[in-house]
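Colleague:
Chains as they are written, first to last, in the numbering used here: chain W, 28 to 175; chain P, 28 to 175; chain X, 28 to 175; chain D, 28 to 175.
Here you go:
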């Protein structure tokens, strides 16, 4: 039994179908979380093979999560015949991440037909306490010929 | 027989020692290339487990390479008692990457005691032809208590 | 009669004193708005001499407002013997601005001793309706020898 | 007598015609310099009314110059029926600017039909010596209905 509207169900289906085909996020063990129009969450359990040399999660991993969450958020507002590609992104690292798991929140700030401006924020969770470790602005392009 | 100056040898040694301890870049199969004062190259053979859903290399992987190359370039100009952490980075994706291997070039544009401004550029190589796929500006912070 | 705490009064005084000496913001007619620990608002009445060639406010003006608001927000959390300099900024333009006046909101997202990460958002106001026209992430550096 | 090709003459004419209508750059006293396919230079004599509170040129002015030079560089590669708007920009400040004049160099790094990725670099010139004071990455969008 689902409380989702038909529109929400289509969105969840679309994002889920694409997520399983995005090799890299699956390679690192990321899992899809909440999905709704304009928002996508992604979870990642801590895995020491993704660390940098000081024992924190590698910034490239954090950035990839933010990028993926923002990109899927943009896909929730993309017309059915279009895919999305990241045009550019800007990340600020706020604190090192060394907790048990990560939560990346992608949100559409300004949807558009050609470009959607999104935010991607990553939180590090240790013993139930969330720390904000990364904030980002991401420009997504809605492109023909790449359907998810 | 080496043509490196003692200064260059110390730099190569420092970067190599740190690189083997940066779990994530080794997890994805990256290899250290040229290293000199102010510059570090990193190579990555193509690996389909690092792709996104359209069959191109995931933007997060490209960004991680640029970040790592830029960070190690900053480390070549860092005093021996300091490490470097990425403060922020900004990436523009120029073309999709789908070749045989990737080359990331990190360069120090403006060295500083507290912050060094670096560039990170990634090239996709197919049949010996290089395509510029990513350009970035990266701010690195030289920090106490994190020696490489 | 003031409802400000002594701490708030010191902050308002510090920002006001510096604002009158920041030539450029006064040259373009900007005015200081709300000021509190971690936040500064700046207002700008529309002035056609600040437009670009299509009759919208020039992006450089919008960016300067965001930078100034973010910088002053950082100054509200800076120790008394330090000034702040913008290290880098990243701006996304969300819509063209063509209203009666602009409101720039600078906020400190993550204060620090050396660097403070701030946001700068600009709103275009026409007939009392606010449109979000610019969002930005700004890194401010707290520096010795430049007291405001 | 001109050494310009007809293509170059059309480009110079187009940029010059637009530049005189970009109010803000004229308000601050900027002047058009070299123009060719993919590149535009802009000059600005020092004017203390454009300073910030420490006596350096305001970062917003430097950013506006980089944005304008990058935007006009993009316009040199834009089809005749399209204008360009800045989608986003990212600036790193390398050194304070306090010289006699500024030179902003806009270059197209990757031209495209919808988006062109550009660089904008600003140099501070004092007694004939150039200092690199700002580097930037700028995304320009080629838009219908806004012809220069």
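No residue lacks a Cβ here, since even glycine has one placed at the ideal position from N, Cα and C.
In whole angstroms, give me the CA-to-CA distance for residue 166 of chain X and residue 119 of chain D.
Modeller: Distance between the alpha carbons of residue 166 of chain X and residue 119 of chain D: 10 Å.
Colleague: If we ignore side chains and look at the alpha-carbon of each, how far apart do residue 74 of chain D and residue 133 of chain X end up?
Modeller: Between residue 74 of chain D and residue 133 of chain X, the C-alpha separation is close to 26 Å.
Colleague: Verify the CB distance criterion: does residue 144 of chain D have a CB-CB separation below 8 Å to chain P?
Modeller: Yes, residue 144 of chain D counts as interfacial toward chain P.
Colleague: To be precise: take each residue of the segment 129-157 of chain P, compare its Cβ to all Cβ atoms of chain A, and keep it if any distance is under 9 Å. Which residues remain?
Modeller: Looking for chain A here will not work: the only protein chains present are W, P, X and D.
Colleague: Is residue 117 of chain X close to chain P? Criterion is C-beta to C-beta, closer than 8 Å.
Modeller: Cβ-Cβ to chain P under 8 Å: yes for residue 117 of chain X.
Colleague: In the DSSP output, what is residue 157 of chain D paired with across the bridge?
Modeller: In the DSSP output, where bridge partners are listed per residue, residue 157 of chain D has D:152.
Colleague: Taking the beta strand (DSSP E) that residue 87 of chain D belongs to, which residues open and close that run?
Modeller: Unbroken run through residue 87 of chain D is the alpha helix (DSSP H), 86-102; no beta strand (DSSP E).
Colleague: Quick one: which chain W residues come within Cβ less than 7 Å of residue 114 of chain D?
Modeller: The contacting residues are 142, 166.
Colleague: Below 8 Å between beta carbons: does that hold for residue 60 of chain X and residue 72 of chain X?
Modeller: Taking 8 Å as the Cβ cut-off, residue 60 of chain X and residue 72 of chain X do not qualify as a contacting pair.
Colleague: For residue 8 of chain W, which residues in the same chain have their Cβ closer than 6 Å to its Cβ, ignoring the five residues on either side in sequence?
Modeller: This structure does not reach residue 8 of chain W, given that chain W is present from 28 up to 175, and the question cannot be answered.
Colleague: Could you list which residues in chain X have their beta carbon closer than 7 Å to that of residue 162 of chain W, in chain order?
Modeller: Correct list: 136, 164.
Colleague: Comparing C-alpha positions only, which one of P:155, P:111, P:79, P:122 sits nearest to residue 79 of chain W?
Modeller: Of P:155, P:111, P:79, P:122, the residue nearest in Cα terms is P:111.
Colleague: Do the CB positions of residue 151 of chain W and residue 158 of chain W come within less than 8 Å of each other?
Modeller: Yes, these two residues count as a Cβ contact at 8 Å.
Colleague: For the segment 71-104 of chain P, which residues have a CB atom closer than 7 Å to at least one CB atom of chain W, in sequence order?
Modeller: Listed by position along the chain: 75, 76, 77, 78, 79, 80, 81, 85, 86, 87, 88, 90, 91, 94, 95.
Colleague: In angstroms, rounded to a whole number, what distance separates the CA positions of residue 32 of chain D and residue 173 of chain D?
Modeller: Answer to the nearest angstrom: the Cα atoms are 26 Å apart.
Colleague: Applying the criterion that 16 or more other CB atoms from any shown protein chain within 10 Å of the CB defines a buried residue, is residue 88 of chain P buried or exposed?
Modeller: That one is buried.
Colleague: Leaving aside the five residues before and after residue 131 of chain X along the sequence, list all residues of the same chain whose C-beta is less than 6 Å from its C-beta, in chain order.
Modeller: If we look at residue 131 of chain X and ignore the five residues flanking it on each side, its Cβ neighbours are 69, 92, 93, 96, 149.
Colleague: Do you know how far the Cα of residue 156 of chain X is from the Cα of residue 139 of chain P?
Modeller: Each residue's alpha carbon lies about 45 Å from the other.
Colleague: State yes or no: is the C-beta of residue 113 of chain P within less than 8 Å of the C-beta of residue 86 of chain W?
Modeller: Yes, the pair counts as a contact, with Cβ atoms nearer than the cut-off.
Colleague: Could you round the C-beta distance between residue 103 of chain W and residue 144 of chain W to whole angstroms and report it? I think they count as a contact, below 8 Å.
Modeller: Between residue 144 of chain W and residue 103 of chain W the Cβ distance is about 14 Å, and since that is not below 8 Å, they are no contact.
Colleague: Distance, Cα to Cα, residue 107 of chain P vs residue 66 of chain W?
Modeller: Taking the straight line joining both Cα atoms gives about 44 Å.
Colleague: Using the Cβ count rule (16 or more neighbours within 10 Å means buried), how would you classify residue 115 of chain W?
Modeller: Residue 115 of chain W should be labelled buried.
Colleague: Please list the terminal residues of the continuous beta strand (DSSP E) segment that includes residue 113 of chain D.
Modeller: Its beta strand (DSSP E) spans residues 109-120.
Colleague: Using a Cβ-Cβ cut-off of 8 Å, state whether residue 68 of chain D counts as contacting chain X.
Modeller: It does not: the Cβ of residue 68 of chain D has no partner Cβ on chain X nearer than 8 Å.
Colleague: Since residue 35 of chain D meets chain X, which of its residues come closer than 8 Å, beta carbon to beta carbon?
Modeller: In chain order: nothing, as chain X lies at least about 21 Å away.
Colleague: Give the C-beta separation of residue 47 of chain D and residue 101 of chain D to the nearest angstrom, bearing in mind that I take them to be a contact with Cβ-Cβ under 8 Å.
Modeller: No, residue 47 of chain D and residue 101 of chain D are not in contact; Cβ-Cβ is about 18 Å, not under 8 Å.
Colleague: Cβ of residue 121 of chain W within 8 Å of Cβ of residue 161 of chain W?
Modeller: A contact, by the Cβ cut-off of 8 Å.
Colleague: Verify the CB distance criterion: does residue 45 of chain P have a CB-CB separation below 8 Å to chain W?
Modeller: It does; some Cβ of chain W falls within 8 Å.
Colleague: Suppose contacts are defined by Cβ-Cβ distances below 8 Å. Is residue 146 of chain P in contact with residue 164 of chain P by that definition?
Modeller: In this structure, residue 164 of chain P lies closer than 8 Å to residue 146 of chain P by Cβ.
Colleague: Based on the DSSP output, what are the partners of residue 133 of chain W in its beta bridges?
Modeller: W:67, W:147, per the DSSP bridge assignment.
Colleague: Between residue 40 of chain P and chain W, is any beta-carbon pair separated by less than 8 Å?
Modeller: No, residue 40 of chain P does not count as interfacial toward chain W.
Colleague: Can you pull the chain X neighbours of residue 121 of chain W, defined as C-beta to C-beta under 8 Å?
Modeller: By Cβ distance, chain X contributes 136, 137, 144.
Colleague: Assign residue 32 of chain W to one of three DSSP states: helix, strand, or coil.
Modeller: Coil at residue 32 of chain W, not helix or strand.
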